[in-house]
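Chains as they are written, first to last, in the numbering used here: chain A, 2 to 470; chain U, -11 to 288.
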């Protein structure tokens, strides 16, 4: 679908007006960020800008801004961080933004809504519609794509979030690239990508804006758009996601928060205490007891699975919740003991949500055994793995030898397993397990490692996991 | 339907006719079948954690709901009349009514980590009269957690020290280096336990996270309400219904977030207050930590 002359006229007008008013708009963005939200850019921001602009100045062509996405005001923050006021004479380099229509264009009463629309118009926005599979929504998306391509062909810049929405786990996952930016880069091959990883120090989950007063740290780089010979949008997008993922790792290196947040849980299904709220044939359960563990959605799913699967499916839910509880604990999100309904598990989609924060975790069942269940959960730090791609979390399930204390056994199991998984370590004698902060962690070469070690035991089984990303 | 637990016949008793000590005894007796650490269970008192194997009864988290349900089965209360939490609310709370079955609502047991704290929960919820002398002997949840962490650290350090002694050569050198780190962590934690203000500061981080999450969710709700306002004028019924669904979800999350915030606030506040019972328990954990550190220092 080509842009109509009216579309082009409107875009050109918007560009002229936004250029003319770029100084007051940019000043307003900077003042709001600095004095209303009290954000501080990291001390090295001038070096970051210098490096980026040195590369941008060498490239006269179009630029696709691509950043991670956690809050509703990321576009403003990225612009504030990257585009210094002294560059405003090059107003053609101010990026066109692509906000989600449903999030911004119908906010509040008529006056407020009109003011927000005016601001977005001046901020050179092209509204996107990410939801909807109908023809009208598809047409909207195509038109938005064409507008972006037009802006790039004009030698301008476009800001698009490669993840196509805010990351619900707080982690950019390079193994799940989206094709949109690859398509755009192939459409305008002279484009470069300006990759930005921006996050405030206290940004744990996806929120509307970073915590007030937080310091904002930025990593940025300019890389090739479509390279000669590249024809597949996925390949281009994958390269972009890989670069953003590396920048993400760099950001986390100097963070106070633990980067790797994973957990595991094992359940011995033969344990008699697991059966006592079920009928003898395990096809019925005490409804009050079930309701103390499962949310309404989970209960619905459980009843759909039929009585023969009741026992096993219930414990799958439980096992997943326990694994998530441990993964969340790494992110200093404490799920109180017994608050099982704070975590809602979707066994079909293999996802779980921590309802109070909205954080989304990946879950994965391993070692499916008639007698035991073992579940992994990953919030951030790496990929949980699937049939095609190896996981960044390793695990081991073992039987506890008779007469051995399961707590001691699982600790030794974890150290032996970690040592055997890394040639450099070689022997578990070189490792120690600490319980500082209430969570297990491995010490190697006298330094506690951010490996997100997780321990679990139930009846005859013990299990451990750790992250290698 | 015949549930296995119904094999045990329990005669429920009115909470207003027994002492807190009797309630505590019944609570401890009620969880016997779930306790896997027999030694700790045999000497369990008001401050013995249900969970954990070092000083706890060794109950597994899969039986946490069973603890609450065991308490419910054992007692009768007059707080049985269901009243709405607020006007137009679907949620309810209990008010005085006829003597009947005790019911502990979702989240009310969040801090009941020991038999003593379970009794405190019953008092706080109005199921039995407050008994200040009894409560003086009940360690706060914040200190149950803080001491639990201390016991785990001391245990890990002692075990590592014993293990290190068996190594030789480069393995021993590496193990000794790790042991020093463990000992340094234990020392640091000992210093934190020694200073109530320092401990409170460490717990304040978790509260700050929860508060930030709660505030962010409030902003999210206000944005959603703005979207509803904006869409209401447009007449797009499907979009409006979708956003209303989002609003309901955010309100549920907000309710959970608020409950979570109350718990972390209580922990943060209680960590700064230390009574005789907490002093006593902290002293014993600190002694264990210091003993483990001195053992480690001898080896390294």
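Quick reminder that beta carbons are idealized off the backbone N, C-alpha and C, glycines included.
Proximal residues to residue i (C-beta, below 6 Å), its chain only, five neighbours per side dropped
i, result
"residue 84 of chain A", "none"
"residue 296 of chain A", "342 and 345"
"residue 126 of chain A", "98 and 100"
"residue 222 of chain A", "196"
"residue 131 of chain U", "266"
"residue -10 of chain U", "For residue -10 of chain U, the predicted model reports a pLDDT of 49, less than 50, meaning its position is unreliable; a value from the coordinates is still stated below. Once the five neighbours on either side are set aside, residue -10 of chain U has no close Cβ partner at all."
As assigned by DSSP and simplified to three states, the class of residue i
i, result
"residue 341 of chain A", "helix"
"residue 316 of chain A", "helix"
"residue 67 of chain U", "strand"
"residue 126 of chain A", "strand"
"residue 271 of chain U", "helix"
"residue 452 of chain A", "coil"
"residue 172 of chain A", "coil"
"residue 444 of chain A", "strand"
is_contact[residue i, chain A] using C-beta, thresh 7 Å
i, result
"residue 173 of chain U", "yes"
"residue 162 of chain U", "yes"
"residue 244 of chain U", "yes"
"residue 170 of chain U", "yes"
"residue 41 of chain U", "yes"
"residue 142 of chain U", "no"
"residue 109 of chain U", "no"
"residue 183 of chain U", "no"
"residue 241 of chain U", "yes"
Own chain residues within Cβ distance below 8 Å of residue i, not counting five before or after
i, result
"residue 449 of chain A", "435, 437, 442 and 443"
"residue 0 of chain U", "61, 62, 63, 64, 89 and 90"
"residue 204 of chain A", "71, 72, 171, 211, 212 and 215"
"residue 177 of chain U", "137, 138, 141 and 277"
"residue 78 of chain A", "34, 40, 72, 199, 211 and 217"
"residue 121 of chain U", "none"
Closest Cα partner of residue i within the set the options
i, options, result
"residue 211 of chain A", "A:394, A:41, A:432 and A:137", "A:41"
"residue 123 of chain U", "U:76, U:104 and U:136", "U:104"
"residue 371 of chain A", "A:314, A:402 and A:407", "A:314"
"residue 458 of chain A", "A:399, A:318 and A:65", "A:399"
"residue 99 of chain U", "A:226, A:379, A:308 and A:335", "A:335"
"residue 407 of chain A", "A:461, A:427 and A:234", "A:461"
"residue 245 of chain U", "U:198, U:257 and U:41", "U:198"
"residue 337 of chain A", "U:3, U:94 and U:76", "U:94"
"residue 20 of chain U", "U:5, U:38 and U:3", "U:38"
"residue 416 of chain A", "A:396, A:162 and A:231", "A:396"
"residue 362 of chain A", "A:391, A:339 and A:332", "A:332"
"residue 209 of chain U", "A:56, A:209, A:360 and A:464", "A:209"
"residue 193 of chain A", "A:224, A:180, A:163 and A:74", "A:224"
"residue 19 of chain A", "A:3, A:377, A:69 and A:89", "A:89"
"residue 42 of chain U", "U:55, U:59 and U:24", "U:24"
"residue 148 of chain U", "U:167, U:162 and U:159", "U:167"
"residue 241 of chain A", "A:103, A:319 and A:66", "A:66"
Neighbourhood of residue i by C-beta, 7 Å cutoff - its chain only, sequence neighbours within 5 removed
i, result
"residue 105 of chain A", "117 and 121"
Residue range of the unbroken beta strand (DSSP E) whose run includes residue i
i, result
"residue 263 of chain A", "262 to 269"
"residue 462 of chain A", "462 to 468"
"residue 220 of chain A", "216 to 225"
"residue 195 of chain A", "193 to 201"
"residue 376 of chain A", "373 to 381"
"residue 129 of chain U", "Not the beta strand (DSSP E): residue 129 of chain U falls in the alpha helix (DSSP H), residues 129 to 154."
"residue 41 of chain U", "Counting along the chain, residue 41 of chain U falls outside any beta strand (DSSP E), and DSSP gives it neither H nor E."
"residue 66 of chain A", "64 to 68"
"residue 398 of chain A", "394 to 400"
"residue 361 of chain A", "360 to 367"
"residue 87 of chain U", "80 to 89"
"residue 21 of chain U", "First-last for residue 21 of chain U: undefined, no H or E at that position."
"residue 433 of chain A", "432 to 435"
Segment limits, alpha helix (DSSP H) that includes residue i
i, result
"residue 154 of chain A", "136 to 154"
"residue 116 of chain U", "Careful: residue 116 of chain U lies outside any alpha helix (DSSP H) and carries neither H nor E."
"residue 418 of chain A", "407 to 421"
"residue 99 of chain A", "Careful: residue 99 of chain A lies outside any alpha helix (DSSP H) and carries neither H nor E."
Interface flag, residue i vs chain U, CB-CB below 7 Å
i, result
"residue 136 of chain A", "no"
"residue 343 of chain A", "yes"
"residue 335 of chain A", "yes"
"residue 430 of chain A", "yes"
"residue 457 of chain A", "no"
"residue 212 of chain A", "yes"
"residue 209 of chain A", "yes"
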